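Residue numbers (my numbering), protein chains in the order written: chain L, -14 to 68; chain Y, -14 to 68; chain S, 552 to 702; chain F, 552 to 702. We treat Cβ as the ideally placed atom computed from N, Cα and C, and that holds for glycine. Given the structure is predicted, the values throughout are model-derived calculations rather than measurements. Below: one structure, written as structure tokens.
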Amino acid sequence: MTLRVLYFARLRERFGVAEESLAFGGTTAADLIAELRARGGVWAEELAAGRAFRVAVNQDIVAFDAALPDGAEVAIFPPVTGG
Amino acid sequence: MTLRVLYFARLRERFGVAEESLAFGGTTAADLIAELRARGGVWAEELAAGRAFRVAVNQDIVAFDAALPDGAEVAIFPPVTGG
Amino acid sequence: MKIRVQNERFDAGAEMAAMSQGRTDIGALASFVGLARDLNEGSGVQAITLEHYPGMTEKALAAVVEEAAARWALLDVTVIHRIGRLLPGDPIVLVAVASLHRGEAFAACEFIMDYLKTRAPFWKKEETPAGTRWVEARASDDAAAARWIKP
Amino acid sequence: MKIRVQNERFDAGAEMAAMSQGRTDIGALASFVGLARDLNEGSGVQAITLEHYPGMTEKALAAVVEEAAARWALLDVTVIHRIGRLLPGDPIVLVAVASLHRGEAFAACEFIMDYLKTRAPFWKKEETPAGTRWVEARASDDAAAARWIKP
Chain L
-14 MTLRVLYFAR LRERFGVAEE SLAFGGTTAA DLIAELRARG GVWAEELAAG
36 RAFRVAVNQD IVAFDAALPD GAEVAIFPPV TGG
Chain Y
-14 MTLRVLYFAR LRERFGVAEE SLAFGGTTAA DLIAELRARG GVWAEELAAG
36 RAFRVAVNQD IVAFDAALPD GAEVAIFPPV TGG
Chain S
552 MKIRVQNERF DAGAEMAAMS QGRTDIGALA SFVGLARDLN EGSGVQAITL
602 EHYPGMTEKA LAAVVEEAAA RWALLDVTVI HRIGRLLPGD PIVLVAVASL
652 HRGEAFAACE FIMDYLKTRA PFWKKEETPA GTRWVEARAS DDAAAARWIK
702 P
Chain F
552 MKIRVQNERF DAGAEMAAMS QGRTDIGALA SFVGLARDLN EGSGVQAITL
602 EHYPGMTEKA LAAVVEEAAA RWALLDVTVI HRIGRLLPGD PIVLVAVASL
652 HRGEAFAACE FIMDYLKTRA PFWKKEETPA GTRWVEARAS DDAAAARWIK
702 P
């Protein structure tokens, strides 16, 4: 399936990318994270187990075991700090 | 001793007096209340045991057993309802 | 700290703006405005008249604000309470609290309102279709104030 | 209900006045304004920049307001959150809640702020003398939001 993946704030800056289109062979948000982590470098570092980040699917925050629908807009970002 | 006694809100209206100077032979706020109650009529009614009213001495709310200093400004009024 | 008892209408926005004007250390500004309603205890209210105890009112409000300032780290407080005859929709009271963080600003603002409601000598009289009536004190206001009593 | 995400400065007083304008049923108007401070985590802050997730931001704010409206009887709510570069003293966020009684207005206003702080996708970057840094999320904000979880 194809996903549109967005990065925000510190992750956007460290990855050097705000948005990408991704051919994805997995099922869940956790699968996607594992795939991105496998890129190594800053990806492995920022998405390491124990680092705090959030995943939203179609603009709702989801648990990491959530299934990703085809064509989903997936966003990965640090804990929010507005207000 | 001499007291300046003030009444507010419903008590002022029912007593028909906002302020009076009073020669007082007692000691405490409770003594004053008993003396006023002895006037009978609306005084006995509004200051009856069980009716809710407050006593302030020199602009601080006090307990009924508080001693009244000579020349004190004593105010008697219903529970407050501002805000 | 600003405490006022006045007949005149106040501008809550202008008061709040004045508190943060020229300052860069305030992180949180919590405020409360109480307004006269057209309905109370099930009957229409055409107007209210607020009576107070001149002298004691200011003293009681200052004591409430001092107690709030002793409990929380506050940068500024404004309390304005109106007296006289007010119409439905008119603002009655403003409490605004500036602090570093929102938790303290919210707590102090609510504390000041709860204590003002039970300690400041104001009394409301309502004009209703059935005549005028003095507003009765509410047990819920005593309960709200009692929440802040420290063990 | 009014929810806005905008670059422009807002006028908290004008927003609050607009909520009660022409109405006589509102008894309580609680509000909170969060402002940019010149100091955070022990170092000077010259400016902050707020990034957000367009689309999700509005959706998340609407969900928080809806949850508040389901918990308390609210007459009106305004939420405005700014994005872009702000200087110390600039207002960042406004939450204003109109209700019949003060208890509900205070609770809903604080609830919306606590949930906004942990659920709305905004991120702050600070300019300090030592360079820029992303603000870290605070455990105290998670704790504040957790207070509202019903048993």
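Cβ separation of residue i and residue j, assumed to be a contact under 8 Å, to the nearest whole Å
i, j, result
"A695(S)", "G593(F)", "Not a contact, Cβ separation roughly 37 Å."
"V646(S)", "I663(S)", "5 Å"
"L651(S)", "G606(S)", "Actually they do not touch by this definition, with Cβ atoms about 34 Å apart."
"V40(L)", "V59(L)", "7 Å"
"W623(S)", "A(-6)(Y)", "Their Cβ separation, rounded to whole angstroms, is 32 Å, which puts W623(S) and A(-6)(Y) out of contact at 8 Å."
"I643(S)", "A587(S)", "6 Å"
"M641(S)", "M570(S)", "The sequence shown places Asp at residue 641(S), not Met. The Cβ separation is near 22 Å, so there is no contact."
"V65(Y)", "P672(S)", "5 Å"
"F49(L)", "A23(L)", "The Cβ separation is near 16 Å, so there is no contact."
"V42(L)", "L32(L)", "About 16 Å separates the two Cβ atoms, so there is no contact after all."
"A598(F)", "E678(F)", "5 Å"
One or two residues paired with residue i in a DSSP bridge
i, result
"V646(S)", "F583(S), V630(S)"
"I18(Y)", "I18(Y) pairs with nothing; no bridge assigned."
"N591(F)", "S594(F)"
"V(-10)(L)", "E5(L), V59(L)"
"G682(S)", "T679(S)"
"E687(F)", "In the DSSP output, where bridge partners are listed per residue, E687(F) has none listed."
"V556(F)", "H632(F)"
"F673(S)", "H603(S)"
"L637(F)", "I599(F)"
"L625(F)", "S650(F)"
C-alpha distance - residue i paired with residue j, whole-angstrom precision
i, j, result
"M(-14)(Y)", "G56(Y)", "7 Å"
"D692(S)", "W699(S)", "12 Å"
"A37(Y)", "P63(Y)", "6 Å"
"K610(F)", "P680(F)", "35 Å"
"L667(S)", "E20(Y)", "31 Å"
"L7(Y)", "K553(F)", "59 Å"
"Q44(Y)", "K701(S)", "24 Å"
"R560(S)", "L638(S)", "11 Å"
"A29(Y)", "G68(L)", "58 Å"
"F0(Y)", "T669(F)", "57 Å"
"A697(S)", "N558(S)", "30 Å"
"L625(S)", "A613(F)", "31 Å"
"E(-2)(Y)", "T12(Y)", "27 Å"
"E687(S)", "F583(S)", "22 Å"
"L17(Y)", "I61(Y)", "10 Å"
"A690(S)", "T683(S)", "22 Å"
"D665(S)", "A34(L)", "47 Å"
"I631(S)", "E617(S)", "15 Å"
"Q572(F)", "G585(S)", "14 Å"
"V2(Y)", "G25(Y)", "15 Å"
"T608(F)", "T608(S)", "45 Å"
"A621(F)", "A568(S)", "32 Å"
"R574(F)", "A51(L)", "46 Å"
"V615(F)", "V615(S)", "33 Å"
Test: residue i CB closer than 8 Å to a CB of chain A
i, result
"G578(F)", "Protein chains in the displayed structure are L, Y, S and F, and chain A is not among them."
Cβ-based neighbour list, residue i, same chain, cut-off 6 Å, excluding 5 preceding and 5 following
i, result
"I46(L)", "R39"
"A581(F)", "V648, A656, F657, C660"
"L(-12)(L)", "L7, F9, A57, V59"
"E4(L)", "L(-9)"
"W685(S)", "K676"
Cutoff 7 Å; reference residue i; Cβ partners in own chain excluding five residues on either side
i, result
"H603(F)", "V556, I634, P672, F673"
"L590(F)", "V596"
"T600(S)", "G635, R636, K676"
"T629(S)", "K553, E566, M570, L645, A647"
"D576(F)", "L626"
Any non-hydrogen atom of the ligand GDP closer than 7 Å to residue i Cβ
i, result
"D45(L)", "The ligand GDP is absent from the structure shown, which contains no ligands of any kind."
Spatial neighbours of residue i in its chain, beta-carbon cut-off 8 Å, leaving aside the 5 residues before and after
i, result
"L(-4)(L)", "E31, F38, I61, F62, P63"
Scan the segment 5 to 59 of chain L and note each continuous beta strand (DSSP E) run of 3 residues or more that stays entirely inside, going in chain order. Entirely contained in the segment 5 to 59 of chain L, the beta strand (DSSP E) runs reaching 3 residues are, in chain order, 39 to 42, 45 to 47.
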